[in-house]
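Q: Starting off with a structure, shown below.
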Amino acid sequence: MNEMRKLMLQQGALMKTTRPELPESPPPKLNDISRIQLIEIDISSARAAQNSMYLFHSLMKQLKIPLDGGTSAQNTDLSLLIDKWCAKKPDIITSLRNTFMDGGTGAQRLRHIDRNFIQPKVAKRDTDPEGAVATYDYSRLFSDTGMEFTAELLNLRELISRLPAEVKASAKYWIKRIKKKAGTELLNNLDRAMREEEEEGDGSIDMASVNTDWTDFAYMMAKAIDIKKQYDSAKEFDTNQPPKIAAHTQGQVSRPGNCTKCDGSLCPYRLSQENECDVYGNMTMSRAAELMNKIGYKYHVDKMRRNNGRQMINYPHPTSAQKEALESYERHLQAKWGRPPKAVNAHAERDDADPQQGRGKCDMLKLQKELGLN
Ligand SMILES: [Zn+2]
-10 MNEMRKLMLQ
0 QGALMKTTRP
10 ELPESPPPKL
20 NDISRIQLIE
30 IDISSARAAQ
40 NSMYLFHSLM
50 KQLKIPLDGG
60 TSAQNTDLSL
70 LIDKWCAKKP
80 DIITSLRNTF
90 MDGGTGAQRL
100 RHIDRNFIQP
110 KVAKRDTDPE
120 GAVATYDYSR
130 LFSDTGMEFT
140 AELLNLRELI
150 SRLPAEVKAS
160 AKYWIKRIKK
170 KAGTELLNNL
180 DRAMREEEEE
190 GDGSIDMASV
200 NTDWTDFAYM
210 MAKAIDIKKQ
220 YDSAKEFDTN
230 QPPKIAAHTQ
240 GQVSRPGNCT
250 KCDGSLCPYR
260 LSQENECDVY
270 GNMTMSRAAE
280 LMNKIGYKYH
290 VDKMRRNNGR
300 QMINYPHPTS
310 AQKEALESYE
320 RHLQAKWGRP
330 PKAVNAHAER
340 DDADPQQGRG
350 KCDMLKLQKE
360 LGLN
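Under my numbering, residues -10 to 363 are what the sequence shown spells out, in order.
Below you can see the structure in the form of structure tokens.
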């Protein structure tokens, strides 16, 4: 294979050239369009029809064929492409043939298809957008996996997008409404998914963005649905398990990949049973120091220990960077949940009790005794 041909193939040229040996091949001839692969028109629904039109326009742009005012060669190409696009739809072809016979420009034919086959679908669909939204069955959103939720949410968003401007409302309004329909159990899982996101995410998603941004909401809600699914299927194996999800107790099912004891995503026990669990095992000074650098996860560990009556961890004195990070995380949690974070409060209380720098290990032990934690 010569280099030129290889290069052209690499570039994925739409039209095959028949004379690759020419060092400077002329621009592909426009009547090579018979070789162009195009997806046939789909008018099975308003959305499919609109998408088909969109893709056709985009292909014309790619081929540099103007929809109006092109040269006569371009016009012929446009007509040919339209025929090819509609070839498997006898109704459309018949209608084009009866209307234009051999005449009519490509642009006129395209308009004819739009007016007679696409717009009527759209108009029919759009007769009662308020009604469509009012009778929307929200349970469809939550009936399957996270992926199904994301797909169904797009359907709902499309319904919403067709509402008249006066009643369209904001994403915030609709997200709130969907959350109300989600049910307590799923909302608990959304909280859970948010905590997981705090521990592992890149920080770009927070509760404020989930409440106002469709994309963030779809992402986190899909996660919550999948977490719920995992729990539901795990529960089937253990019928003695009380149907509680939010409660953290030893032996509680954990999220896949997490520690089976404490459900921590970074717990060493999840890698090997020979490692100590951060919540139920013995905490070493060096591990406590490590936790100071994993603030979201530290929050999980502190909370689990607190909830399960485990001794609170005797953390080394934070470096100023760690202290800053802890404080910023607490502010972040407070802003996110709209209330002071409980588990991190344990830390805050200790700070309040000893606001001075230089709090030592002995102070900590004393304080833990005072708090009844020791
Ligand atoms: Zn663990």
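Note that beta-carbon positions come from the ideal geometry of N, C-alpha and C, so glycine has one too.
Values in this document were obtained by computation on a predicted structure and should not be read as measured data.
Taking DSSP as the reference, what is the three-state secondary structure of M90?
A: As a working mapping, residue 90 is identified with position 101 in the sequence shown. Looking at M90 - three-state DSSP - the assignment turns out to be coil, as it is neither helix nor strand.
Q: Does the structure place the segment 67 to 74 close enough to the segment 42 to 55 that three or more beta carbon pairs sit under 8 Å?
A: At 8 Å Cβ cutoff, the stretches touch.
Q: How many angstroms separate the CA atom of L70 from the CA atom of A160?
A: Counting from one through the sequence shown, the residue named residue 70 turns up at place 81. Counting from one through the sequence shown, the residue named residue 160 turns up at place 171. About 40 Å.
Q: Can you list, in chain order, the residues of its chain with a C-beta nearer than 6 Å to that of A96? Leave out the 5 residues immediately preceding and following it.
A: For the purposes of this step, residue 96 is taken as residue 107 along the sequence shown, with counting starting at 1. Excluding positions up to five away in sequence, the list reads L56 and D57.
Q: Can you name the start and end residues of the alpha helix (DSSP H) that Y288 belongs to?
A: To locate residue 288, count along the sequence shown from 1; it is residue 299. That run of the alpha helix (DSSP H) goes I284 to N296.
Q: Can at least three beta-carbon pairs, one atom from the segment 296 to 315 and one from the segment 267 to 278, be found at a separation below 8 Å?
A: yes
Q: Give the straight-line distance between the Cα atoms of G240 and C248, rounded to the nearest whole angstrom.
A: Taking the sequence shown and counting its residues from 1, one reaches residue 240 at position 251. Taking the sequence shown and counting its residues from 1, one reaches residue 248 at position 259. Only weak support exists for where G240 lies, its pLDDT of 41 falling under 50; the value from the coordinates is given anyway. Straight-line spacing of the CA atoms in G240 and C248 works out to 11 Å.
Q: Quick check on this structure: which residue in V156, Y286 and N200 has the alpha carbon closest to the alpha carbon of L176?
A: Mapped onto the sequence shown, residue 176 falls at position 187. Among V156, Y286 and N200, the Cα nearest to that of L176 belongs to N200.
Q: DSSP three-state label for A158, please.
A: Here the question's residue 158 lines up with position 169 in the sequence shown. Note: A158 maps to coil in three-state DSSP.
Q: Which two residues bound the contiguous alpha helix (DSSP H) that contains N40?
A: Start at 1 with the first residue of the sequence shown, and residue 40 comes out as number 51. Per DSSP, N40 belongs to the alpha helix (DSSP H) from A35 to Q51.
Q: Just curious, the alpha helix (DSSP H) that N105 is in, first and last residue?
A: Translated into the one-based positions of the sequence shown, residue 105 becomes position 116. N105 -> no alpha helix (DSSP H), and no H or E assigned at all.
Q: Check V268 in the structure and name its three-state DSSP category.
A: Position 279 of the sequence shown holds residue 268. In the displayed model, V268 falls within coil according to three-state DSSP, outside both helix and strand.
Q: Starting from Q26, trace the alpha helix (DSSP H) both ways and give me its first and last residue.
A: Looking up residue 26 in the sequence shown gives position 37. Looking at the DSSP string, Q26 is not in any alpha helix (DSSP H), and its letter there is neither H nor E.
Q: When the Cα of E187 is compared with those of M42, Y318 and D21, which residue comes out closest?
A: Working through the sequence shown from its first residue, we reach residue 187 at position 198. Measuring from the Cα of E187, the nearest candidate turns out to be Y318.
Q: Distance, Cα to Cα, K165 vs N303?
A: Residue 165 sits at position 176 when you count from the first residue of the sequence shown. Residue 303 sits at position 314 when you count from the first residue of the sequence shown. Roughly 41 Å between the two C-alpha positions.
Q: Quick one: any contact between the segment 251 to 262 and the segment 274 to 289, if contact means 3 or more CB pairs under 8 Å?
A: yes
Q: I'd like the span of the alpha helix (DSSP H) that includes L69, first residue to last.
A: What you label residue 69 is simply residue 80 of the sequence shown in a count that begins at 1. Note, L69: alpha helix (DSSP H), S61 to C75.
Q: Assuming L142 contacts A207 under a Cβ cut-off of 8 Å, what Cβ separation, rounded to an integer in Å, is found between them?
A: Position 153 of the sequence shown holds residue 142. Position 218 of the sequence shown holds residue 207. The C-beta distance from L142 to A207 rounds to 5 Å, short enough to fall under 8 Å.
Q: On a CA-only basis, which of N282, K157, L67 and R36 is nearest H306? Give me that one, please.
A: The residue you call residue 306 lines up with position 317 of the sequence shown. Of the candidates N282, K157, L67 and R36, the one whose C-alpha sits nearest the C-alpha of H306 is N282.
Q: Between R86 and the rest of its own chain, which residues show a CB-CB distance below 8 Å, the 5 nearest in sequence each way excluded?
A: Along the sequence shown, read from residue 1 onward, the residue named residue 86 stands at position 97. Correct list: empty, nothing qualifies.
Q: Do you know how far the Cα of D66 is from the Cα of R24?
A: Taking the sequence shown and counting its residues from 1, the one referred to as residue 24 is at position 35. Taking the sequence shown and counting its residues from 1, the one referred to as residue 66 is at position 77. Rounded to whole angstroms, R24 to D66 spans 12 Å at the Cα level.
Q: Taking the CB atoms as reference points, tell me whether I216 and A171 lie closer together than 8 Å.
A: Your numbering for residue 216 matches position 227 in the sequence shown. Your numbering for residue 171 matches position 182 in the sequence shown. Not a contact, by the Cβ cut-off of 8 Å.
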